[in-house]
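Trainee: Input: one structure, supplied below.
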């Protein structure tokens, strides 16, 4: 029963787990270690899982595993160049054309710079929701905070980013 349930609930969520783990660890090696430990814990607990909301369940395990790992080791801080590379990788969409690549790279660098100016709390929700595509609830589960807090932090962060991009001369569309 365990291996069937594991295949059904866990395997489809591997790309999301890896993406989120890369964001919170800052590098691929630590992300893979975090996901491996998360998968081990999920496998041990899969028989107790009720089958509802597998992504939220797995992200909660990932978050708790990350917290436990950080209790044992000092957190490493990313430098600006690492953050630029993370944002570039997150924004890669495979378009061609030299001009589009130049514009995309300029936007990536500007976005990375502005993300670094956000507080850690605001940056985390922007990355999880706007870059990684998690729902508010999933981001709340990953961060261990209420959904309303995710929403308010995201609103404030987007407002600040919009203001800063407008100051840089970007014209941003207005949502209706």
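Residue numbers (the numbering used here): 351 to 526. All C-beta atoms in this analysis are idealised placements derived from N, C-alpha and C, irrespective of residue type, glycine included.
Does the contact criterion of 3 or more C-beta pairs under 8 Å hold for the region 392-399 versus the region 479-493?
Mentor: Flag = no, the region 392-399 and the region 479-493 do not touch.
Trainee: Residue 504 and residue 492 - do their beta-carbons sit closer together than 8 Å?
Mentor: no
Trainee: Tell me where the alpha helix (DSSP H) around residue 488 begins and ends.
Mentor: Under the DSSP assignment, residue 488 falls in the alpha helix (DSSP H) whose first and last residues are 486-493.
Trainee: Per DSSP, what kind of secondary structure is residue 403 in: helix, strand or coil?
Mentor: In this structure, residue 403 counts as coil in the three-state DSSP scheme.
Trainee: Using the C-alpha atoms, what's the distance from residue 390 back to residue 464?
Mentor: 37 Å
Trainee: In chain order, what residues of the same chain lie with their CB nearer than 6 Å to the CB of residue 371, ignoring the 5 residues before and after it?
Mentor: 381, 384 and 385
Trainee: Tell me the rounded alpha-carbon separation between residue 472 and residue 355.
Mentor: CA-to-CA, the gap between residue 472 and residue 355 works out to about 35 Å.
Trainee: May I ask you to report which of helix, strand or coil DSSP gives residue 353?
Mentor: helix
Trainee: What's the call for residue 520, buried or exposed, on a 16-neighbour Cβ count within 10 Å?
Mentor: exposed
Trainee: Using CA atoms only, rank isn't needed, just tell me which of 403, 363, 517 and 511 is closest to residue 388.
Mentor: 363
Trainee: Counting only the same chain and skipping the five closest in sequence on each side, list residues whose C-beta sits under 7 Å from that of residue 497.
Mentor: 486, 487 and 490
Trainee: Measuring only the C-alpha atoms, how far is residue 532 from residue 413?
Mentor: Past the edges of the chain, shown from 351 to 526, lies residue 532, and the structure says nothing about it.
Trainee: Looking at C-alpha atoms only, which residue of 475, 512, 514 and 518 is the closest neighbour of residue 501?
Mentor: Of the residues 475, 512, 514 and 518, the one whose Cα lies closest to the Cα of residue 501 is 475.
Trainee: In the DSSP assignment, find the unbroken alpha helix (DSSP H) run with residue 363 in it and report its ends.
Mentor: Segment: none, residue 363 is in no alpha helix (DSSP H) and carries neither H nor E.
Trainee: Identify the continuous alpha helix (DSSP H) that holds residue 384 and give its terminal residues.
Mentor: 378-395
Trainee: DSSP on residue 502, reduced to helix/strand/coil?
Mentor: helix
Trainee: Quick one: Cα of residue 374 to Cα of residue 517, how far?
Mentor: 29 Å
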